[in-house]
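Asks: After the structure tokens below, expect a handful of questions from me.
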Amino acid sequence: MYSSILLAYDGSLEGILALREGAKLAQICGARVVLLAVVEHSSEIYVGDASTVYIGPDKTDEVRQILDEGAARLTRMGLAHEARLDAGLAAERITSVAHEVSAELVVVGHHKQGAMARWLRGSVTSSLSDSLNCSLLVARLEISDEQLFGTRTNLMDVTEN
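Pasting the structure below:
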């Protein structure tokens, strides 16, 4: 069905659910897996007077740790994968990488936000649905360890590791 799947991962609970659902699909399809984490440009830019500008901290190391943790999860699931760290706007980088790796499916998590937040920040999922040339799965199912590994474990036990 799918031969190449891009898993966009941010380390959140929603991201973990998406990673697990995408990993299960990859297992079923025998698909190539590319795991992507994106360092978004800081939106914390403040201008005091003409000579004072504050730009928020670089989060590259933090996102690299999230990517490494996601890669470790895929390894525990027995999935060979390529891990990529990119910087920029999430929707733009996910779309670009999906094209580069010829992904047939992109899997993302769903972050609920109110109307005001969606209006101010926009929706990565909406942007992806407009820009991708492949299928998009907004994962929301909880895939149990029994389904992934054939053993029973609580999801919370796995998310805290």
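Residue numbers (the working numbering): 2 to 162. Think of the CB as a built atom: it goes at the ideal place given N, C-alpha and C, for glycine as much as any other residue.
Which residues mark the beginning and the end of the alpha helix (DSSP H) in which I29 is found?
Replies: Looking at the DSSP string, the run of the alpha helix (DSSP H) that includes I29 is 14 to 30.
Asks: Where are the alpha helix (DSSP H) runs, 4 residues long or more, that stay fully inside the stretch 77 to 106, in chain order?
Replies: Runs of the alpha helix (DSSP H) inside the stretch 77 to 106: 91 to 101.
Asks: Taking 6 Å as the limit between beta carbons, can you name the residues of its chain near S128, skipping five residues before and five after?
Replies: Excluding positions up to five away in sequence, the list reads A92.
Asks: Going by other Cβ atoms of all chains shown within 10 Å of its Cβ, with 16 needed for buried, is G89 buried or exposed?
Replies: Answer is exposed; the Cβ neighbour count stays below 16.
Asks: Starting from I6, follow its DSSP beta bridges and name the residues at the other end.
Replies: According to DSSP, which records beta bridges pairwise, I6 is partnered with V34, L106.
Asks: Please return the same chain residues whose Cβ sits closer than 7 Å to the Cβ of R74, not counting the five positions on each side in sequence.
Replies: Excluding residues within five positions, the ones whose Cβ falls inside 7 Å are L20.
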